[in-house]
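Before any comments, here is the structure.
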Amino acid sequence: MISNYFTLRHLAADLQNRSAGRAIETAFTQSRNELILSIEGDISLIVSCEPSSNALYLRSRVSRARRNSSDCFVQLHGSSIRSVKIQDADREIVIDLTEAASEPGLSLVVQFFGSKANVYLARNRSVIDAFLQPRQHTGTVLDPPHVPRSPRSQEELDAALRSIGQVTVGAVLKTMFPLFGSLLLREVLHRAQIPEPTPAAAIGPPDLTRLYQEIAGLMNELSRPPSPRVYREGGRPVYFSILNLHLAHDLPFDEYDSLHEGIRAFLAETRRQKGSSREQSELRARLESEISRTERTLGALAKEMSAVERASEYELFGKLLLAIPQAVSKGMKTVVLENVFSPDRKPVEISLDPHLTGPKNAQRFFDRARKARTALTEAAARKQRYDERYHRLKTIANTLSGVHTPDQWDEFVHSMKADLVEEGLIKKSASGQKELPPFRIFIVEGGFQVWAGKSSENNDLLTLKHARPNDLWFHARGSGGAHVVLRAGSGKGEISRKAIEQAASIAAYYSKMKTSGLVPVAMTLRKHVRKPRGAPAGTVAIEREKVLMVVPHLPESKQQ
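Residues 454 to 1013 in the working numbering are what the sequence shown lists, from first letter to last.
If you want it as structure tokens, here you go:
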């Protein structure tokens, strides 16, 4: 629900508090369907108009790429944000601007309408420019937002349900409460203990009372300060929510300190998941094709070997023709000879070349026997190669079947890359196939990954770019050393005390206190680590730390 109306309502209120009065310095794009507004105070407002992930959030200043970026809304330069508000009942955020010299009275209108999502620069809802398809939209007038009327009492809800007929209660609620969106509608039905396929007309008085109470309760929760969280299933992000989801009570989740942080994390993980899934699908398709082709080749080789296995028969024909030369004369097409080399002396019929004498026919069979043996040797060697390839491909396919998360995909590509390249499934320098990140990587108790920085710059890369908000972060206290991150969700179950101590020992080992008996190591969540402005590489500030006393030590399992 990153673009749900109630999420956007909280975002608009927060943007009003944090950005009102600040100047818009630049507006540009450097990723498809993503607008970046650089705002005074080293912050950026990101607006994603991706059809599958409409979103808006604030983050620290985004550096503009030297290439593949372009300016947007040049009329904004010199304007300041006067106010940010959301329409009463639509997924439309309006950013009113102070008067600029060129275009007085401007507004940025952000509409999150799925595949039609866009950002418009407008004056009195008359479009001056648009982020996407500006030629099509410039000069048009934005329609006034539609304000649907939802039932205001249990009686109104009852009357509406009774008037529908056999339509399911889920479909009816979607019409009555369009601002809820699919996830919140499922949540309210779950709380009311009403199956979604239930016909609306079949809702009895007790169910109706419970349903109305749950709708009212959910509306009340949605008006409170948000509690942003990302729910995961099998390591994959499945839901973003601003409140506790009862329907996901059995799923683990990460909580975030701000809406912006939660939305950004959910988008990043979802996009990474989609990229990983796409790469997996492509590899699976190539694997299936190669396995099928190898099976066909092995079948053809089996037939070929069956044919060339007649070498012994050809040799016997040659020997018989030489042993009984008087039985064959030129012009004969076949001859039946007694097999003098067999105990039962069974007659053998031999096809002849009528243009050749008996000895010449014998030589012809000896030549065929030699060629058949050579071909059989070559076919056997080819079969062995294809058998080995078939087993390698099946091993890759079986290993791939256990890959479900982006982290597992990264580990799979890293560990299987030599085989993948050898079998032509990926190119040696394929940019689309990811290596594990450039850190020291360990596996600790429970199968969890621990990443350790290699230098000051590498520490910044690890902490600021690769670590996730709810990863555990470690550093030797009062000493220079590596940033160490214990990756949440990279192993099975909850992170154990032993895994935490192992990660702390790694941080102690890669510090200047490595030779000490016991080393104090600070631990906190990554989201409580920040980079002070202007601080040297590797220098960070941390909050809410806990200190562990550990012995410097590396675990036995090291991946890189």
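Glycine residues also receive a C-beta, built at the ideal position from the N, C-alpha and C atoms. This one's a predicted model, so the numbers in the text were calculated from it and none came from an experiment.
As assigned by DSSP and simplified to three states, the class of residue i
i: N571; result: strand
i: N457; result: coil
i: Q886; result: At Q886, the pLDDT of 44 sits below 50, so the modelled position is not reliable and the matter cannot be decided from this model.
i: A701; result: helix
i: E875; result: helix
i: A780; result: helix
i: Q540; result: coil
i: I647; result: coil
i: F719; result: helix
i: F892; result: coil
i: L637; result: helix
i: V594; result: strand
i: V866; result: helix
i: V527; result: helix
i: L1007; result: coil
i: P859; result: helix
i: S513; result: strand
i: A988; result: coil
i: V994; result: Just to set this straight, residue 994 is Ala in the shown sequence, not Val. Strand, per DSSP.
Buried or exposed by the 16-neighbour rule on C-beta atoms within 10 Å, applied to residue i
i: F794; result: exposed
i: Q433; result: Nothing can be reported for residue 433: it is not among the residues displayed for the chain, which extend from 454 to 1013.
i: T460; result: buried
i: V594; result: exposed
i: R997; result: exposed
i: A440; result: Any property of residue 440 remains undetermined from this structure, which presents the chain solely from 454 to 1013.
i: P690; result: buried
i: H463; result: buried
i: S484; result: exposed
i: L971; result: exposed
i: P1021; result: Outside the displayed span of the chain (454 to 1013) sits residue 1021, for which this structure offers no information.
i: T916; result: buried
i: E608; result: exposed
i: N521; result: exposed
i: T747; result: buried
i: D703; result: exposed
i: Q1013; result: Note that Q1013 has pLDDT 48, beneath the 50 cutoff, so the model's placement of it is unreliable and the number below is only indicative. Result: exposed.
i: H928; result: buried
i: R798; result: exposed
i: V789; result: exposed
i: E1009; result: exposed
i: R940; result: buried
i: G885; result: Residue placement at G885 cannot be trusted, given a pLDDT of 45 that sits under 50; what the coordinates show is reported in the next sentence. Exposed is the call here.
i: Q902; result: buried
Beta-bridge pairing of residue i - partner residues as DSSP gives them
i: I581; result: The partner list for I581 (beta bridge, DSSP) is empty, contrary to what the question assumes.
i: V789; result: E802
i: S506; result: E503
i: Y692; result: Y684
i: P973; result: M1002
i: D707; result: V683
i: I492; result: I477, I496
i: Q564; result: E545, N571
i: G934; result: S964
i: Q902; result: I896
i: S533; result: A476
i: R576; result: S579
i: L978; result: L925
Boundaries (first-last residue) of the alpha helix (DSSP H) holding residue i
i: H844; result: 811–853
i: A624; result: 622–629
i: I668; result: 658–676
i: K951; result: 950–962
i: A613; result: 607–615
i: N486; result: Run containing N486: none; DSSP gives neither H nor E here.
i: N911; result: 909–913
Bounding residues of the beta strand (DSSP E) (the contiguous stretch that carries residue i)
i: V938; result: 937–939
i: Q589; result: Premise fails: Q589 lies in the alpha helix (DSSP H), 587–590, not in any beta strand (DSSP E).
i: L925; result: 925–929
i: F794; result: From DSSP, F794 is part of no beta strand (DSSP E); its letter is neither H nor E.
- Query: Does the pairing of the region 495–513 with the region 710–722 give three or more beta-carbon distances under 8 Å?
  - Reply: Between the region 495–513 and the region 710–722, the count of C-beta pairs closer than 8 Å reaches three or more; the two stretches touch.
- For the 8 Å Cβ check, are there 3 or more pairs between the region 728–737 and the region 855–871? yes
- Message: For the pair the region 905–924 and the region 973–980, tell me if three or more CB-CB distances fall below 8 Å.
- Response: yes
- Query: Three or more beta-carbon pairs under 8 Å between the region 902–909 and the region 932–948, yes or no?
  - Reply: yes
- Taking contact to mean at least 3 C-beta pairs separated by less than 8 Å, is the region 1001–1011 in contact with the region 956–969? yes
- Query: Would you call the region 513–525 and the region 486–498 in contact, with 3 or more CB pairs under 8 Å?
  - Reply: yes
- Task: Evaluate contact between the region 679–686 and the region 637–645, counting only Cβ atoms and requiring at least three cross-stretch pairs below 8 Å.
- Result: Proximity of the region 679–686 to the region 637–645 falls short of the contact definition, fewer than three beta-carbon pairs being nearer than 8 Å.
- Message: With a threshold of 8 Å, are at least 3 pairs of Cβ atoms found where one atom belongs to the region 837–851 and the other to the region 800–820?
- Response: no
- Counting Cβ pairs closer than 8 Å, one from the region 455–475 and one from the region 499–508, do we hit at least three? Touching, yes, given that three or more Cβ pairs across the two stretches are closer than 8 Å.
- Counting Cβ pairs, one atom from each stretch, are 3 or more of them under 8 Å apart for the region 463–473 and the region 527–538? Cβ pair count under 8 Å is three or more, so yes.
- Pairing CB atoms from the region 764–780 with CB atoms from the region 807–827, are three or more of them under 8 Å? yes
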